[in-house]
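Single-structure report; data block below.
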Amino acid sequence: MADLAPDAPIAQAPDIPATLRSALEKSEPAYRALWWPRQDAANLAWVRQLRPQIERYGPAIAENLTAVFQRPLPSTRVCVEVVAYANWAGAYTTFDPDLITMSSLNAEHRGAYGLEQLFHECSHLTMETVDAALKRHATSLGRPLPLDVSHTILFYTVGEAVRRAVPGHVPYAIQFGVWQRGWTKHYEMLKLYWQPYLEGRATMDQPMDGLPGAL
2 MADLAPDAPI AQAPDIPATL RSALEKSEPA YRALWWPRQD AANLAWVRQL RPQIERYGPA
62 IAENLTAVFQ RPLPSTRVCV EVVAYANWAG AYTTFDPDLI TMSSLNAEHR GAYGLEQLFH
122 ECSHLTMETV DAALKRHATS LGRPLPLDVS HTILFYTVGE AVRRAVPGHV PYAIQFGVWQ
182 RGWTKHYEML KLYWQPYLEG RATMDQPMDG LPGAL
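Counting in this note's numbering, the sequence shown tops out at residue 216, every number present.
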């Protein structure tokens, strides 16, 4: 459906299963008449408030993340679909082709938190170096790779990058209690092992020796 023109009928998207197509066709008139005008306006308003933040803070954040993750952000355009509802988390990233989907109505995407979440989602596309190092060090220690450690590194790193760029910003995971969702130990270990790397006091390999064993 994302490839269709805004006014194209659903019938022009042949890969949609018949049952889903039927449900969409039945609901389409009401959605276009009632919901879409409001949701489209909300999406456009969200983009308008985010664009100046990207222009002002984006280059510094991107430079920081490129250095930390040791992999540049995508050099080609990455499509960001701004929608009313994305999923329970408010945003997600899919691959091949790379696509970011973000909710404009999510209360946690207001102000600089929308900026942080955008870079969070984009950073999912740049974690290969970190993931390879985690796997290598876990294997050398003879331990399974800890669950979710890569994602918590992403949360911690992007939050720190935005905090450094945007005056007064509190990282998303702290502001909205992400660390209290079963990741309290991850946060403590990241402060102990990963923070020195972010401050330039360690190489990437040094925290990788500690994190798999500690978690």
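Note that beta-carbon positions come from the ideal geometry of N, C-alpha and C, so glycine has one too.
- Message: Between which residues of its own chain and L25 is the CB-CB distance below 6 Å, once the five residues before and five after are set aside?
- Response: What you label residue 25 is simply residue 24 of the sequence shown in a count that begins at 1. Excluding residues within five positions, the ones whose Cβ falls inside 6 Å are I11.
- Query: Which one or two residues does DSSP pair with S104 in a beta bridge?
  - Reply: If you number the sequence shown from 1, residue 104 lands on position 103. Looking at the DSSP assignment, S104 forms a beta bridge with V84.
- Message: I'd like to check one pair, Y58 with L116: are the Cβ atoms closer than 8 Å?
- Response: Stepping through the sequence shown from its first residue, residue 116 is reached at position 115. Stepping through the sequence shown from its first residue, residue 58 is reached at position 57. Cβ atoms of L116 and Y58: closer than 8 Å.
- Supposed contact pair V150 and L45 - C-beta distance, whole angstroms, cut 8 Å: Residue 45 sits at position 44 when you count from the first residue of the sequence shown. Residue 150 sits at position 149 when you count from the first residue of the sequence shown. Rounded, the Cβ-Cβ distance is 38 Å, inconsistent with contact.
- Message: Tell me which residues share the same chain as T67 and place their Cβ nearer than 7 Å to its Cβ, disregarding the 5 neighbours each side in the sequence.
- Response: Residue mapping note: residue 67 aligns to position 66 of the sequence shown, counting from 1. Contacts found: P73 and L74.
- Query: For A166, which three-state DSSP category applies?
  - Reply: Taking the first residue of the sequence shown as 1, we reach residue 166 at position 165. Note: A166 maps to helix in three-state DSSP.
- Message: When you compare the CB positions of L148 and H121, do they come within less than 8 Å of one another, or not?
- Response: To locate residue 148, count along the sequence shown from 1; it is residue 147. To locate residue 121, count along the sequence shown from 1; it is residue 120. Not closer than 8 Å, so no.
- Task: Count the other C-beta atoms from every protein chain shown that fall within 10 angstroms of the C-beta of A139, then say buried if there are 16 or more, exposed otherwise.
- Result: If you number the sequence shown from 1, residue 139 lands on position 138. Under this definition A139 is a buried residue.
- Query: Ordered along the chain, which non-local residues of its own chain (more than five positions away) have a Cβ less than 7 Å from that of R144?
  - Reply: Against the sequence shown, residue 144 aligns to sequence position 143. Answer for R144: P213 and G214, listed in chain order.
- Task: Could you check which residue in V81, A90, T204 and Q196 has the C-alpha nearest to that of L51?
- Result: Numbered from 1 along the sequence shown, position 50 holds the residue referred to as residue 51. L51 has its Cα closest to that of V81, out of V81, A90, T204 and Q196.
- Query: Between which two residues does the alpha helix (DSSP H) carrying Y93 extend?
  - Reply: Here residue 93 refers to the residue found at position 92 of the sequence shown. Careful: Y93 lies outside any alpha helix (DSSP H), inside the beta strand (DSSP E) at A92 to T95.
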